[in-house]
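So the structure is just underneath, and the comments pick up after that.
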Amino acid sequence: MDNEAENQLESLPIANINPVNPAELDELYFYEGKDLGNSYLKDKTAFRLWAPLASEAKLVTFKHWDDTDGMEIPMLRSEKGTWTIELNGDQDGLIYTYKVRVGETWSEAVDPYVRAVTVNGNKGVVIDLNDTDPERWTRNKPPLEKAEDIVIYELHTRDLSIHPESGIHLKGKFLGVIEAGTKGPEGVKTGLDHIKDLGVTHVQFIPIFDFATVNETKLNEPQYNWGYDPQNYNAPEGSYSTDPYQPKVRIRELKEMIQGLHDHGLRVIMDVVYNHVYTVEDSNFHKLVPTYFFRYNADGSLSNGTGVGNDTASERKMMRKFIVESVTYWAKEFNLDGFRFDLMGIHDVETMNEVKKVLAEIDPTLIVLGEGWDMDTPLAQELKANQKNAFKMPGIAHFNDAIRDGLKGFVMNEHDKGFVNGKPGMEDIIKKGIAGGLKYDEDIATYQRPDQVINYVEAHDNYTLWDKLLITNPDATKQVRKQMHKLASAVVLLSQGIPMIHAGQEFMRTKDGDENSYQSSDWINRLDWKRRAEFDREVEYMKGLISLRKNHSVFRLSTPEEIEEHLQFIDAPPNVVAFTLKHKDYKIAVIHNANWDGITISLPHEGDWSVLVDGQRAGLEEIERVKGSQITVAPLSSFVLKTYSNQ
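Residues in the sequence shown are numbered from 1 upward in steps of one, following UniProt numbering.
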């Protein structure tokens, strides 16, 4: 840089810090470059920090992860509120932070864009990412024709393997997820083999980025957290690695896990939590550019639509840029297959559409899904990325809380019941869910296409379905609750849209009544492989439903027009939902009976019908043959019939 250019940069104005005007920062200091963070080359490393409110900025380098004092190197003010410095030589492994002076206050922070960190994420690390690729690292992934072919399995990394009888050696680790050939009680398949055998297509991991609430220096002590406490968005969580002290290990092992899942025919979705930070005062965003990255109420207090103390402001240009570049990095570097946006309703429509756009350019089969709840955050209603604005976000899927609550009762009222556990008058809500949240009668559509809806009845949040049924139906027998549970899962898996099941739902997972197990013990959260053995018939039932869905395209229609043409509801008694799905070669009839008694229902026409699903069995094989125009459906059961007489 010549002297004249340097003088011009030194004379650049510092943004007004009192009060901070986000619109002014967006207008005057939006930085379009792609080099924020550290840019490593073998012979030099460049650093660029966005801190437009700072009057001084320093790069601080350290020799060891636990050093408290480092060498401070002044950074040069550059364009659009950025600060830069370049270090010659091979800086692979260099530990660093930034210091900025805003007003009279000095703050030290980890680089928000950093991709590798020290143990517990308190400092950033420069690395050569090429060193993190496993020995066999390919871009190959299982084929996916369309979004409606997806069946999601939501999983916590530690839950899968931590049970003492999981048969998995590397318990609680990324690499434990891909141990093959493991067996549990009574010889049942566990871990990877179990997931693969179930027939799902995508494993959705709840947070695997670096989060704040597990101490990585004390992994010999019992610790647990879901991970919805973001610390470093672009680095993997160290507690899931075999050595959190070595910055490259967690990256390499996460890649190994993803590669291993791909090798076994499973795609991978990453749960991302850009909607809030663990604490604002400790966040790297706030230390570097105070207040800019967060929303505030009119009285100056932090907005709290998330319910955890703060909301990030995705509508700000540099926050939007961060989110888009972060998912781009994860998708490219880790060969991921989709992103689940936690509390997506906090974000704005434009940001989510930009995320979808850049990911589709990388790979059009990547899925973007999220919680499109209507959050109480100071953002105009028409800008919120929630269900009400789904029509503004084509190709982005929303969790369908209507079918969830319609099936089992409102999650915020533990005693409320739904379709499967005894609440009458729920047929229309279930019908809408079966039709993919689209218009099926004179109802107003929530979603425009079936690829915009995620149908589910259980997730990591709230009570498991089994525990909910214990509360709502305490006097019911275990067998009755099993039937309710299977009925709910059948509705989810046989509806239009994209189904999701929670890990362990297939063997009626319990958390012993723990409604919010985000930091509960392993004993509460682990997948209980003894229970897997006990509920073997129920697992086979779920496998059969998934196989049925995957082998019949009429359960995976792609447009509203196809649904209107092929799906027809038929007359049914109270507390029963029945419909047909027409294919050019066959017709399917589905009957969901939520009554405690058997019912007789008329079929669309006389003929030979093969029963593929009844109250106890499910799959592709004929259970029995029904002749005539009527069938008796067992209590609390789903029946699926197929005929080749397509009248």
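For every residue, glycine included, the Cβ atom is placed at its ideal position computed from N, Cα and C. Quick caveat: nothing in here was measured; it's all calculated off a predicted structure.
- Take valine 590, set aside five residues on each side of it, and the residues of its chain with a beta-carbon closer than 6 Å to its own are Leu494, Phe579, Val640, in chain order.
- DSSP places aspartate 66 outside both helix and strand once states are collapsed to three, so it counts as coil.
- Apart from the 5 residues on each side of it in sequence, arginine 252 sits with its Cβ closer than 7 Å to the Cβ of Thr132, Pro134 in its chain, given in chain order.
- The three-state reading of DSSP puts histidine 169 in coil, since its state is none of H, G, I, E or B.
- Rounded to whole angstroms, the Cβ separation of aspartate 451 and glycine 395 is 6 Å, and the two are in contact under 8 Å.
- By the Cβ-count criterion, serine 239 is buried, with 16 or more other Cβ atoms from all chains shown falling within 10 Å of its own Cβ.
- Exposed is the label assigned to tryptophan 106, since fewer than 16 other Cβ atoms lie within 10 Å of its Cβ.
- Put simply, the stretch 204 to 218 does not touch the stretch 290 to 304. Fewer than three CB pairs are less than 8 Å apart.
- Serine 326 carries a helical assignment under DSSP once its states are collapsed to helix, strand and coil.
- Per DSSP, the beta-bridge partners of alanine 589 are Thr580, Leu641.
- Within the DSSP bridge table, the entry for valine 272 names Phe341 as partners.
- Here aspartate 512 has Ile524 as same chain residues with Cβ atoms under 7 Å from its own Cβ, once five neighbours each way along the sequence are excluded.
- Histidine 605 is positioned such that its CB atom lies closer than 8 Å to that of serine 629.
- CA-CA distance, alanine 23 to glycine 33, rounds to 19 Å.
- Secondary structure remark: continuous alpha helix (DSSP H) runs of at least 4 residues inside the stretch 249 to 302, in chain order: 284 to 288.
- Around the Cβ of histidine 64, a 10 Å sphere holds fewer than 16 other Cβ atoms; the residue is exposed.
- A check of alpha carbon separations from serine 55 across Asp90, Glu237, Val100, Lys478 identifies Val100 as the nearest.
- Within the same chain, and ignoring the five residues on either side of threonine 82 in sequence, the residues whose Cβ sits closer than 6 Å to its Cβ are Tyr31, Arg48, Trp50.
- Taking the CA atoms as reference points, arginine 295 sits about 16 Å from isoleucine 323.
- Under the three-state reduction of DSSP output, threonine 105 falls in the strand class.
- For valine 249, the closest C-alpha among the options Pro112, Pro236, Gln259 is that of Pro236.
- For glycine 607, the enclosing beta strand (DSSP E) covers residues 599 to 613.
- Here the C-alpha atom of isoleucine 162 lies approximately 10 Å from the C-alpha atom of tryptophan 529.
- The beta carbon of isoleucine 208 sits closer than 7 Å to those of Thr157, Pro236, Glu237, Tyr240, Leu254, Met270, all from its chain and outside the five residues before and after it, given in chain order.
- Here histidine 502 is bridged, per DSSP, to Glu154.
- Listed in chain order, the non-local C-beta contacts of histidine 566 below 8 Å within the same chain comprise Val554, Leu557, Leu581, Lys582, His583, local neighbours out to five positions each way being set aside.
- The C-beta distance from glutamine 448 to alanine 390 rounds to 7 Å, short enough to fall under 8 Å.
- Cα atoms of arginine 316 and arginine 509: separation of roughly 41 Å, rounded to the nearest angstrom.
- Following the DSSP letters along the chain, one finds asparagine 525 inside the alpha helix (DSSP H) bounded by residues 522 to 525.
- 8 Å or more divides the Cβ of alanine 402 from the Cβ of leucine 160.
- Judged by DSSP secondary structure, alanine 46 falls outside any alpha helix (DSSP H) and instead within the beta strand (DSSP E) spanning 44 to 50.
- Look at histidine 566 here: in three-state DSSP terms it is helix.
- Under the 10 Å beta carbon count, arginine 549 is surrounded by 16 or more other beta carbons and is classified as buried.
- Between serine 521 and proline 222, the alpha-carbon positions lie close to 8 Å from each other.
- Counted as a single uninterrupted DSSP element, the alpha helix (DSSP H) harbouring valine 358 occupies residues 349 to 362.
- For tryptophan 529, the enclosing alpha helix (DSSP H) starts and ends at 529 to 534.
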